[in-house]
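Engineer:
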């Protein structure tokens, strides 16, 4: 083979490689947000939020895209529901059916979470979680999360303070935040009690702290925030004759939850009319980060909420 033919062949091969590379780059989804924050209000039934003093939450719902008629899974309980929120699949697939104290001997995750999927797609992306219940160690145990915090002060304000102390340093690309106080007060005193309403108000103040911390870290313009809940609730009377909150059924009071998205590229003042299910949160978070949603996901991105 003479020198001229070799050069032509090399040029052709190089051109093919460059074309293939360009094609792959063109096919890769573009990131729509640099930072995604998922904030869950435990036992955050839409009716209770509507009654509570929560100006920050309600303003974000009005300014962003929202539905007050999203659905969680059944049974409508904390850990199985949050597992669907963060894995994109139903309980039949993730098989996390327990809801008490985490221990190594309990059934653990066998499906991917959005945290390890995001990390696999971009090893430089920082993942974080700030939670108020020990059972969320389920997501720490496998090493899915770079920064996992269960603060000594597990009130909503305590969780927010832990986040605010970290965010400027970490600049997480994907972050989950859990406020458990509304659930604790609802179970103890009833879902319409002054104590539950105060827990909602304190959680709203915590949301304001988180918003301010995101802005102070210089992330506000590149962030999208999802506000939602794991389940709703209803009142019942216990064996002592006291009214207390509960949940877990397929009743609308237990399964209907809010789903709000606010921030970068969100349609302002938009009402989401398409059905939204708990596991759509996981798919939406990945889609926002420009990460392919796995075919194994049950959830799908809520694309109608975005410009």
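Residue numbers (this note's numbering): 46 to 352. Glycine included, each C-beta is placed from N, C-alpha and C at the ideal position.
How long is the line joining the alpha carbons of residue 192 and residue 172, rounded to whole angstroms?
Structural biologist: Here residue 192 corresponds to residue number 147 of the chain shown, with the count starting at 1. Here residue 172 corresponds to residue number 127 of the chain shown, with the count starting at 1. Approximately 6 Å, taken between the alpha carbons.
Engineer: Threshold first: 4 residues or longer. Then list the alpha helix (DSSP H) segments lying entirely within the region 168-200, N to C.
Structural biologist: 182-186
Engineer: Look up residue 220 in the DSSP assignment and give the residues it is bridged to.
Structural biologist: Taking the chain shown and counting its residues from 1, the one referred to as residue 220 is at position 175. DSSP, once it has assigned bridges, lists 82 and 173 as partnering residue 220.
Engineer: Nearest CA to the CA of residue 340: which residue from 88, 119, 127 and 157?
Structural biologist: Locating residue 340 in the chain shown gives position 295, where the first residue counts as 1. Among 88, 119, 127 and 157, the Cα nearest to that of residue 340 is on 157.
Engineer: To which residues of the same chain is residue 166 closer than 7 Å at the C-beta, ignoring the five residues directly before and after it?
Structural biologist: Numbered from 1 along the chain shown, position 121 holds the residue referred to as residue 166. Around residue 166: 336.
Engineer: Is residue 67 helix, strand or coil when you go by DSSP?
Structural biologist: Taking the first residue of the chain shown as position 1, residue 67 is located at position 22. Low confidence applies to residue 67: its pLDDT is 35, below 50, so where it sits in the model is not reliable, and the reading given next is rough at best. In the structure shown, residue 67 sits in a helix (DSSP, three-state: H, G or I).
Engineer: Compute the distance between the beta-carbons of residue 227 and residue 89, then report whether it is under 8 Å.
Structural biologist: Position 182 of the chain shown, counted from the start, is the residue given in the question as residue 227. Position 44 of the chain shown, counted from the start, is the residue given in the question as residue 89. Contact flag set, yes.
Engineer: Do residue 117 and residue 321 have their CB atoms nearer than 8 Å?
Structural biologist: Taking the first residue of the chain shown as position 1, residue 117 is located at position 72. Taking the first residue of the chain shown as position 1, residue 321 is located at position 276. Cβ atoms of residue 117 and residue 321: not closer than 8 Å.
Engineer: Compute the Euclidean distance between the alpha carbons of residue 326 and residue 106, then round it to the nearest angstrom.
Structural biologist: Walking along the chain shown from the start, residue 326 turns up at place 281. Walking along the chain shown from the start, residue 106 turns up at place 61. The alpha-carbon atoms of residue 326 and residue 106 are separated by roughly 16 Å.
Engineer: Got a sec? Which residues, its chain only, sit under 7 Å from residue 131 by beta carbon, not counting five neighbours each side?
Structural biologist: As a position in the chain shown, residue 131 is number 86, starting the count at 1. The answer, listed in chain order, is 158, 159, 184, 221 and 327.
Engineer: Taking buried to mean at least 16 other C-beta atoms within 10 Å of its own C-beta, is residue 201 buried or exposed?
Structural biologist: For the purposes of this step, residue 201 is identified with residue 156 of the chain shown, where counting begins at 1. That one is buried.
Engineer: For the region 79-97 against the region 209-218, do three or more pairs of beta-carbon atoms, one drawn from each stretch, fall closer than 8 Å, so that the two count as touching?
Structural biologist: yes
Engineer: I think residue 303 touches residue 333, with their Cβ atoms under 8 Å apart; what is that distance to the nearest whole Å?
Structural biologist: In the chain shown, residue 303 corresponds to position 258, counting from 1. In the chain shown, residue 333 corresponds to position 288, counting from 1. Their Cβ separation, rounded to whole angstroms, is 18 Å, which puts residue 303 and residue 333 out of contact at 8 Å.
Engineer: Alpha carbon to alpha carbon, how far is residue 108 from residue 344? Give it in angstroms, no decimals.
Structural biologist: Mapped onto the chain shown, residue 344 falls at position 299. Mapped onto the chain shown, residue 108 falls at position 63. If I take the Cα positions, the gap works out to 25 Å.
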